[in-house]
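**Student:**
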Amino acid sequence: MAKSFQIKEYPFNHKLENLLLDHEDFFLRRPIIYLLQNNESKEVYVGETTDMVTRFRNHLKSEKGKSFTSVSLILSEFFNKSATLDIESNLIRYLAADKSFKLQNGNLGIRDHQFYQQKEIYQKQFQRIWAELMEKGMVKYTLAQIDNLDLFKYSPYKSLSNDQIIGLKTILWCLLDEKAKLSLIHGAAGTGKSIIAIFLFKLLKTDLKDFNYLAFDESDEELFELVKKVKEKYCELEMALVIPILSFRKTISKVFKDIEGLSSSMVISPSQIGKRKYDLLIIDEGHRLKRRKNLGIYYKVFDSFNDDLGLDRDTGTELNWAELRSDKTLIFYDRFQSVKPSDVADNDFLELEKKDTTRSEELRSQFRVRGGISYMDFIHEIFSDHTSLEPKFFKNKRYEFLLFDNLEDMHKRIKNKEGRVGLSRMMAGYVWEWKSRDKKSISDISIGGFELKWNSRIKWINSPNAINEVGHIETVQGHDLNYAGIIIGPELDYDFITGSFVVYRDRYLDMNGKNSIKDIGILKEYILNIYRTMLFRSIFGTYVYVCNDNLRKYLRQYIPTRYSLDF
39 MAKSFQIKEY PFNHKLENLL LDHEDFFLRR PIIYLLQNNE SKEVYVGETT DMVTRFRNHL
99 KSEKGKSFTS VSLILSEFFN KSATLDIESN LIRYLAADKS FKLQNGNLGI RDHQFYQQKE
159 IYQKQFQRIW AELMEKGMVK YTLAQIDNLD LFKYSPYKSL SNDQIIGLKT ILWCLLDEKA
219 KLSLIHGAAG TGKSIIAIFL FKLLKTDLKD FNYLAFDESD EELFELVKKV KEKYCELEMA
279 LVIPILSFRK TISKVFKDIE GLSSSMVISP SQIGKRKYDL LIIDEGHRLK RRKNLGIYYK
339 VFDSFNDDLG LDRDTGTELN WAELRSDKTL IFYDRFQSVK PSDVADNDFL ELEKKDTTRS
399 EELRSQFRVR GGISYMDFIH EIFSDHTSLE PKFFKNKRYE FLLFDNLEDM HKRIKNKEGR
459 VGLSRMMAGY VWEWKSRDKK SISDISIGGF ELKWNSRIKW INSPNAINEV GHIETVQGHD
519 LNYAGIIIGP ELDYDFITGS FVVYRDRYLD MNGKNSIKDI GILKEYILNI YRTMLFRSIF
579 GTYVYVCNDN LRKYLRQYIP TRYSLDF
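With the sequence shown counted from 1, adding 38 to any position gets you my numbering.
(1) I need the DSSP call for A504, collapsed to helix, strand or coil.
(2) Grab me the residues of L214's own chain with a C-beta within less than 8 Å of its C-beta, minus the 5 sequence neighbours each way, in chain order.
(3) Can you tell me the Cα-Cα spacing of R149 and L238, whole angstroms?
(4) M448 and Y583: beta carbons closer than 7 Å?
(5) Taking 7 Å as the threshold (C-beta atoms), are I70 and L133 in contact?
(6) Would you identify the three-state DSSP class for N76, choosing helix, strand or coil?
(7) When the Cα of S462 is compared with those of E438, F442, N454, which residue comes out closest?
(8) Identify every residue that forms a DSSP beta bridge with N434.
(9) Does the distance from the C-beta atom of I417 to that of L284 stay below 7 Å?
(10) So what's R67 in DSSP terms, helix, strand or just coil?
(11) Just mark D604 as buried or exposed, buried being the case when its beta carbon has 16 or more other beta carbons within 10 Å.
(12) I need the straight-line Cα distance from E276 to L357, nearest angstrom please.
(13) As a quick exercise: from P49, E471, I184, pick the residue whose alpha carbon is nearest that of I130.
(14) Taking DSSP as the reference, what is the three-state secondary structure of S479?
(15) Taking S689 as part of the alpha helix (DSSP H), name the residues at either end of that continuous run.
(16) Less than 8 Å between the CB atoms is what I'm expecting for S42 and S120, so what's the real figure, rounded?
(17) Does the Cβ-Cβ distance between K562 and F539 come in under 7 Å?
(18) Under 7 Å Cβ to Cβ from D352, same chain only, skipping five residues before and after it: list those, please.
(19) Assuming H224 is part of the alpha helix (DSSP H), what are its boundary residues?
(20) Could you tell me the distance, in whole angstroms, from the CA atom of P194 to the CA atom of N128?
(21) Using 10 angstroms around the beta-carbon of L59, count the other beta-carbons present and answer buried if the total reaches 16, otherwise exposed.
(22) With a CB to CB cut of under 8 Å and the five nearest residues on each side skipped, what residues in its chain are close to A218?
(23) Mapping the DSSP letters down to three states, classify M465 as helix, strand or coil.
(24) Which residues in the same chain have their Cβ closer than 6 Å to the Cβ of I320, if we skip the five residues on either side of it in sequence?
(25) For the beta strand (DSSP E) containing F286, list its first residue and its last residue.
(26) What would DSSP say about V265, mapped onto helix, strand or coil?
(27) Report all residues from its chain with a CB closer than 8 Å to the CB of I558; omit the five preceding and five following residues, and keep chain order.
(28) Quick one: using the 10 Å Cβ neighbour count with 16 as the cut-off for buried, is L388 buried or exposed?
(29) Measure the beta-carbon distance from I13 to G467 and round it to whole angstroms, keeping in mind my assumption that it falls under 8 Å.
(30) Assign T57 to buried or exposed, taking buried as 16 or more other Cβ atoms, counted over all protein chains shown, within 10 Å of its Cβ.
(31) Measure the C-alpha to C-alpha separation of D89 and E55 and round it to an integer number of angstroms.
(32) Could you tell me how far apart the beta carbons of L441 and R594 are, in whole angstroms, since I believe they sit closer than 8 Å?
(33) Kindly confirm or deny that the segment 171-186 and the segment 202-210 touch, where touching means at least three C-beta pairs closer than 8 Å.
(34) Can you tell which of L327, K433, K491 has the C-alpha that lies nearest to the C-alpha of N503?
(35) Which class does Q155 belong to by DSSP, given the choice of helix, strand or coil?
(36) Name the residue from G537, M464, V469, K99 whose alpha carbon lies nearest to the alpha carbon of N506.
Okay, structure coming up:
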């Protein structure tokens, strides 16, 4: 099959215009994609145009443009405007994560363009273009490898959906509204809360002249006007991204370090809030902000900050700190991902939402789980007491959901997926002692003669031995996986007579997760939230092993079981 495109490289200087007029007359007024490069400083800028002579003339006049030494033209007689926009957007996203070159683009994909035959034509075309860039030595990773990189998953160059755009506008209006103090963005797992947080950072740190306005819909005009007004009002915003979960904070901090215009110092813990004043605080995973319960060694620091801010030690929370230490606050929140009594109470967020200084929005689109909203709703139904859902298996051609009777078989399945697509992990509720923390040679989890160890590090997801270990909630919350194997431990059971879940308090070993809780119903809701959160981690499929017979019997009504699988 003849190649439907070609990549040509030219020196990027004032002789370029004549070279294009002499050699590329067919493409002078046609849609093309180009990469401006400096091979010494390893910088690249990606663009698209229907008038290459004028575009390159303008680049050569700019200070940034003068730093580039060559240009690679991606040419095809089959390109139209939709094709070049889509391929340009993908090149920006993947080049940013590949890191062979330092990407010099500002922002691109605000609108989630859905073009005719996008997957059938443009995606295959992009795959072929990327393969040729690899052959030329311009990139080092395959597309499949990049798909699993944190820098790609949390890239600010991703396109946003309609409801994400609405959420973004709500945030910008809040920044401009003198009466508005706080934006509360509700969103279930996988609705892209972290992406908006990172996107907003990059948006506010990017010079507006770097935007390629041709890539946006007319409906985006309001968004650009809002960004322009925010920049005019604040000039340079003093801002930080607050992430309460340690493992996820480390991941995003590394991502910020690798993005032009951002730095790892912009990602902070809640305990750093009290040290200075901010124009804007963006809080991701806001459901994990802390109150004064079950804090362990953190009590002393917590009390000290409450004292410094004039708050009562017993009632002051990290949520209050954010309100006091920033002019504007943006919080992403999902009450179903609150997993410990140390988390700020749901009532505090409800009271916050009632204030006339609060603006709120809800994200609904599902970006992570290929099973979509129907899978999310299904999990909420079957992991709730007194479900009215009729016994029926969840089936979706795009999502693999299976119940295993043998833990070793589930682990084999996960290892198989790890070998094929990567990022496939086992996780469990905390009901086995962490013996291997002190003695590396011994196992922690033993079920039916099959043994496993807990995660050997906090930043565990991408660690070398992760496939042979089991993560807990603190290591997985906020992260994406391709496949997940979940062990539901002996602390959770099911009572068919009452039609409700049963929790055995003595079997749940997280002391900070159960101390101070007198109502077993509250503890049950935390434990159910832990498993719901785990069940929403994976993109392509989730496998479940259940320790207790009654619970396994209950879930067997809803989750298909495979007794013999081709591993």
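Ideal Cβ placement from N, Cα and C applies to all residues, glycine included.
This structure is a prediction, so every number in the text was calculated from the model and none was measured.
**Tutor:** On the basis of the supplied data:
(1) It is helical.
(2) L264, K267, V268, K271
(3) Below a pLDDT of 50, predicted positions are generally treated as unreliable, and R149, at 47, falls in that range; no measurement from the model is reported.
(4) yes
(5) no
(6) strand
(7) N454
(8) Y437
(9) no
(10) If DSSP states are grouped into helix, strand and coil, R67 belongs with coil.
(11) Here the model assigns D604 a pLDDT of 48, short of 50, so the residue's position is not dependable and the matter cannot be decided.
(12) 19 Å
(13) I184
(14) coil
(15) Within the shown structure, residues of the chain are numbered from 39 to 605, placing residue 689 beyond reach of any answer.
(16) Contact doesn't hold; Cβ gap of about 15 Å is too wide.
(17) For the pair K562 and F539, the CB atoms are nearer than the 7 Å cut-off.
(18) R330
(19) Where H224 is concerned, there is no enclosing alpha helix (DSSP H), although the beta strand (DSSP E) it sits in stretches over 220-225.
(20) 12 Å
(21) exposed
(22) W211, C212, K366, T395, T396, R397
(23) strand
(24) A235, L279, L368
(25) First-last for F286: 284-295, but that is the alpha helix (DSSP H), not the beta strand (DSSP E).
(26) In the three-state reduction of the DSSP assignment, V265 falls in the helix class.
(27) V541, R543
(28) By the beta-carbon neighbour count (other beta carbons within 10 angstroms, threshold 16), L388 is exposed.
(29) Because the chain in this structure spans residues 39 to 605, residue 13 falls outside the shown range and cannot be described.
(30) Inspection of the sequence shows that residue 57 is occupied by Leu rather than by Thr. The residue is exposed, with fewer than 16 neighbouring Cβ atoms inside 10 Å.
(31) 11 Å
(32) 6 Å
(33) No contact exists between the segment 171-186 and the segment 202-210.
(34) Considering only L327, K433, K491, the residue with the shortest C-alpha distance to N503 is K491.
(35) Per-residue confidence for Q155 stands at a pLDDT of 48, beneath the threshold of 50, marking its modelled position as unreliable; the derived number appears in the next sentence. Of the three classes helix, strand and coil, the one that applies to Q155 here is coil, per DSSP.
(36) For N506, the closest alpha carbon among the candidates G537, M464, V469, K99 is that of M464.
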